[in-house]
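Numbering (our numbering), first residue to last: 1007 to 1276.
Okay, here's the thing in structure tokens:
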């Protein structure tokens, strides 16, 4: 099933295009279902980032209302989602804030290590100043906490720490195993995010070692383009589906009302 649950709009401050543009692109691309997942206002969680990387708090109500409007008017199913930063130590406030809204699904992501937005191009030089092996350990410790929090239905771009092509030198197979076991125990779905193919790392998020272990453990997967422009809606989803099929996945997770539903993985043979 060709779905795209990771769409941003201009509301998040670093993307382009309106919801109308994204809906039109999804319909033209033959997608079966989409979900908007703009960046949830960090300020509502008690954190103010250095750059505008999320919706302003005053935009949230309008964002939700607009998604709900498109749920009635779009030619395909539209789900209400949000991408929410996991901020260690702020789990209680995050849970309290999110409980006020009826999202179909929430993507939990890690973009910050302390105050460092390591995914932001403006700050990538800091990778040259740190121990990469230790950095991976710190990052995946947060991913593990994210899964254990049970605040989210989906973990976004699971290994985005590799975005700028800094890879660990040490064997990290034990870290992969430990992380996947915690993902399984946390009953969270893993997003297969095609934006990784267009990052300096040149690899899908997550990479093959993580995907293989997810498959072995029966961890469900879903799809996201992480589109920040309408022309990127659905980008390389067929490629991702083909990869998943080759790895032995047979189902794709969809979401409604906070519940995960597994659909058959179907390849386009045309």
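Glycine is no exception: its CB is placed at the ideal position from the N, C-alpha and C atoms. Note that the structure is predicted; figures quoted are calculated from it, not measured.
Quick check: the region 1187-1197 against the region 1226-1234, are there 3 or more CB pairs under 8 Å?
yes
Can you list, in chain order, the residues of its chain with a C-beta nearer than 8 Å to that of residue 1109? Leave out the 5 residues immediately preceding and following it.
1086, 1087, 1088, 1264
Whole angstroms are fine: how far does the CA of residue 1181 sit from the CA of residue 1107?
34 Å
What are the residues that DSSP puts in a beta bridge with residue 1195?
1160
Using a threshold of 7 Å, is the CB atom of residue 1030 nearer than that to any non-hydrogen atom of the ligand COA?
The ligand COA is absent from the structure shown, which contains no ligands of any kind.
Roughly how many whole angstroms lie between the Cα atoms of residue 1220 and residue 1261?
19 Å
Is residue 1010 helix, strand or coil when you go by DSSP?
strand
If residue 1082 and residue 1040 are in contact, beta carbons under 8 Å, what's the gap, nearest whole angstrom?
7 Å
Out of 1021, 1017, 1192, point me to the one whose CA is closest to residue 1238's CA.
1021
In terms of residue numbering, what span does the beta strand (DSSP E) encompassing residue 1091 cover?
1084-1091
Kindly list the residues whose CB is nearer than 6 Å to the CB of residue 1027, restricted to its own chain and excluding five residues on each side of it in sequence; keep chain order.
1236
Start and end of the alpha helix (DSSP H) containing residue 1148?
1138-1155
Assign residue 1168 to buried or exposed, taking buried as 16 or more other Cβ atoms, counted over all protein chains shown, within 10 Å of its Cβ.
buried
Segment limits, alpha helix (DSSP H) that includes residue 1104:
1097-1104
Between 1115, 1099, 1049, which lies nearest to residue 1212 when the distance is taken from Cα to Cα?
1115
If contact is defined by three or more beta carbon pairs under 8 Å, each pair taking one atom from either stretch, is the region 1058-1074 in contact with the region 1128-1135?
no
Sequence-distant residues of its chain with Cβ nearer than 8 Å to residue 1215 (five each side left out)
1179, 1182
Distance, Cα to Cα, residue 1105 vs residue 1070?
14 Å
Roughly how many angstroms lie between the CA atoms of residue 1161 and residue 1154, to the nearest whole one?
11 Å
Between residue 1123 and residue 1045, what straight-line distance do the alpha-carbon atoms span, to the nearest angstrom?
14 Å
Helix, strand or coil for residue 1203? Go by DSSP, reduced to three states.
helix
With distances taken from CA atoms, which of 1184, 1173, 1242, 1187 is nearest residue 1204?
1242
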